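If you're matching them up, the sequences are chains A and B in order.
My numbering applies: residue 1 is where the first sequence begins, and numbers increase by one.
My numbering applies: residue 1001 is where the second sequence begins, and numbers increase by one.
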Amino acid sequence: MNLWVYLATTPLFWLTATILAFLVAGWVHEKVGRPPWANPVALSILLLMGVLFATRTPYPTYFAGAQFVHFMLGPATVCLAVPFWTHRHDVRAMALPLLAAILAGVVTAISSAVGLAWWLGADRLTVASIVPKSVTAPVAMGIAEQIGGLPSLTAALVLGTGILGAMIGPGVLRLAGLRDPRAMGTAMGCASHGIATAAAFQIDPKAGTYGGIAMALSGLLTAVLVSLAVLVLG
Amino acid sequence: MPPFLAAIALVLFCQLLGEALARASTLPLPGPVLGAVLLFALIVWRGGPGEALRSFADGLLRHLSLLFVPAGVGLIQHLDRLAAEWLAVGVALVGSTILTLLVTGGVFTLVARWQERRRGHG
């Protein structure tokens, strides 16, 4: 018992638990045939929340260990420059459609999410946290922090949006007659960042490539637009 | 200097510079986003990322989903909020995702067609 009391408060224990939970979730995801609803990130989060509940561990104790993984989100965002450089020729050739689509998509994503949440009576903190829900988590959490949202709530909303876009994206786009893989990829990357981009790769490599470009550009554009809005609105 | 360590140092340095610029500028952009812009400018200037940076970025981005887990577990602190607002949050996520997919895909298709027609005539 004393050993457990000691272990449960060490950062090493929760760091190990985080990586183990992710490995277990990945294994389960493989076993059930990689369906979008069994997303490994969502599974690991549920698993770890279960462990925290069962052991009555407060989140700050958990985070003292998990922060070493969390820290890598910053460098990972910086690294997005590398795949963007790799795809620079695609970006240049299709710059006009990409920029027009992503500008329209970013404005739609922010205004519709904020509008719907506000209209249905969500409180101010929730509305602020939902603003960057369509962009990749490290960027979204940075934006949430800067506009007074709750970064951890934003992380969950981003995750939900990603899983949703991966699940319904291909069907919704085909129903609307949008079958060009470049358009599908751009739409999925812009609406639902990396998780839907991974799903777009399963439709067509070209769709996945455009998804990656759209994800990087929409992250940047959302950050810029929100910053401008903060400046203008105070 | 070993190339792998140099690549890590370069990424961290870009982030650090990004954070510093973010603090100093009037635009409240996230530091890592500015760091990515700096790194991109540097890659363009050097004519390519180089093998070590490419493999470091590749490895990190391949496991990107793991990095969301610690923050996601933080949801445990907001369960009361979600229990009270699940309808507003759920409708906002589903509605906004569908709208964004359609608008983005639609605009891309229209502008791409217009551009191809213009190039075809030119």
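Glycine included, C-beta positions come from ideal geometry on N, C-alpha and C.
In this text, all values refer to a predicted model and were calculated from it rather than measured experimentally.
- For A93/A, the closest of V232/A, Y210/A, V224/A and Y6/A by C-alpha to C-alpha distance is Y210/A.
- Cα atoms of L125/A and V1094/B: separation of roughly 19 Å, rounded to the nearest angstrom.
- Taking C-beta atoms as the reference points, I213/A and V135/A fail to come closer than 9 Å.
- Following the DSSP letters along the chain, one finds L1029/B in no alpha helix (DSSP H), marked with neither H nor E.
- With a cutoff of 9 Å on beta-carbon distance, G162/A and A196/A are scored as near each other.
- Pairing P1002/B with G1018/B gives a Cβ-Cβ distance that is not under 9 Å.
- It is roughly 29 Å from the alpha-carbon of V78/A to the alpha-carbon of W27/A.
- Excluding residues up to 5 positions away in sequence, A64 and G65 lie with their Cβ nearer than 6 Å to the Cβ of P11/A in the same chain.
- The C-beta distance from S129/A to L164/A rounds to 16 Å, too long to meet the 8 Å contact threshold.
- Flagged as an interface residue toward chain B: R182/A, by a C-beta distance shorter than 9 Å.
- One finds nothing in chain A with a Cβ atom closer than 8 Å to the Cβ of P1002/B; even the nearest lies about 18 Å away.
- In the DSSP annotation of this structure, the continuous segment of the alpha helix (DSSP H) that includes P40/A starts and ends at P40 to T55.
- In this model, G1120/B and K206/A are separated by some 22 Å (Cα to Cα).
- Annotation for R124/A: the continuous alpha helix (DSSP H) segment containing it runs R124 to I130.
- Around the C-beta of D180/A, 16 or more other C-beta atoms lie within 10 Å, and the residue is accordingly described as buried.
- Within the region 181 to 211 of chain A, contact with chain B at the beta-carbon level (separation under 8 Å) is assigned to R182, A183, M184, T186, A187, M188, C190, A191, S192, G194 and I195.
- For a Cβ distance threshold of 7 Å, residue set A76 and G194 of chain A lies close to L1064/B, ordered along the chain.
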